[in-house]
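Numbering (our numbering), first residue to last: 7 to 283.
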């Protein structure tokens, strides 16, 4: 988190100038993007969108910074997955998708996978062996099933059988693992992880044109910044500021404003959210 804050403050390439100044509350000229718009806005494999959902999708595709307010039961996940589908199809670059919780990331992973996009779910190493309905989309599982690196599963099995590898084999294993992970990540249309997971070393050096952050009203502002410092040019924050906000256990930090989310602050800066119905 501290690394992301430092990068946001000091690295001019971390995020676009427009987004940087908007997040700091500076007065900037409004910007509008002009991507080639699709003939239809509902995504393949997902339910048809209603009028409010179509309007939200259409609007955010033309804005470098936008908010989607999704009260319970308004199809927030389907709308988010549809936005990501169109961003991936029309953007010249990968899309990063995050949320503060693993449950929300898994739900979006499942929905976005249904559109036919090439999806990679990046999990913490400690969660890689846990059962999940999207485990087959995890970076770990895709590495183990890669046809390009058949030695990797053998090294993993050898590690499990004897406890540790020789120094030579360990060095070879780590080199192959890094190369395979990089290849899979670079060939993905969409990479999904938690907000804190966006700081994972495996994502270092990757640049994303766009990011969508779900449950953004349940994350603190520093947490939201972690996904934003990957060269982002387009940001979509999804949430509902009328529901419960982030859990800040330190009262002093909460009183100092840490419980006031970026979503809320942008509304106070007159950025109007697109409300789903």
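Backbone N, C-alpha and C fix where the C-beta goes; we use that ideal spot for every residue, glycine too.
Note that the coordinates shown come from a computational prediction; the quantities given were computed from them, not determined experimentally.
Exposed or buried, what is residue i when buried is set at 16 or more other beta-carbons lying within 10 Å of its beta-carbon?
| i | result |
| --- | --- |
| residue 215 | buried |
| residue 255 | exposed |
| residue 4 | The structure shown does not extend to residue 4, since the chain is modelled only from 7 to 283, so the question has no answer here. |
| residue 142 | exposed |
| residue 168 | exposed |
| residue 100 | buried |
| residue 233 | buried |
| residue 225 | buried |
| residue 222 | buried |
Taking DSSP as the reference, what is the three-state secondary structure of residue i?
| i | result |
| --- | --- |
| residue 190 | helix |
| residue 266 | coil |
| residue 247 | coil |
| residue 29 | helix |
| residue 110 | helix |
| residue 219 | strand |
| residue 105 | strand |
| residue 256 | coil |
One question on the structure: do residue i and residue j come within less than 7 angstroms of each other, judged by their Cβ atoms?
| i | j | result |
| --- | --- | --- |
| residue 201 | residue 106 | yes |
| residue 61 | residue 235 | no |
| residue 197 | residue 253 | no |
| residue 250 | residue 269 | no |
| residue 85 | residue 120 | no |
| residue 48 | residue 39 | no |
| residue 280 | residue 65 | yes |
| residue 27 | residue 21 | no |
| residue 241 | residue 74 | no |
| residue 88 | residue 111 | no |
Got a sec, what are the start and stop residues for the beta strand (DSSP E) residue i sits in?
| i | result |
| --- | --- |
| residue 199 | 196-200 |
| residue 232 | Run containing residue 232: none in the beta strand (DSSP E); it sits in the alpha helix (DSSP H), 227-234. |
Let's see if you can read the secondary structure: which residues bound the alpha helix (DSSP H) around residue i?
| i | result |
| --- | --- |
| residue 165 | 157-168 |
| residue 94 | 82-96 |
| residue 238 | Taken as a continuous stretch (DSSP letters only), residue 238 belongs to no alpha helix (DSSP H), as it is neither H nor E. |
| residue 37 | No alpha helix (DSSP H) contains residue 37, which DSSP labels as neither H nor E. |
| residue 66 | 57-66 |
| residue 14 | 8-16 |
For residue i, which residues does DSSP report across the bridge?
| i | result |
| --- | --- |
| residue 144 | 127 |
| residue 172 | Paired residue(s): none; residue 172 is not in a bridge. |
| residue 100 | 214 |
| residue 74 | 244, 280 |
| residue 290 | Absent from the structure is residue 290, since the part of the chain shown begins at 7 and ends at 283. |
Does residue i come within less than 7 angstroms of chain B when only Cβ atoms are used?
| i | result |
| --- | --- |
| residue 84 | Within the model displayed, chain B is absent; a lone protein chain is all it includes. |
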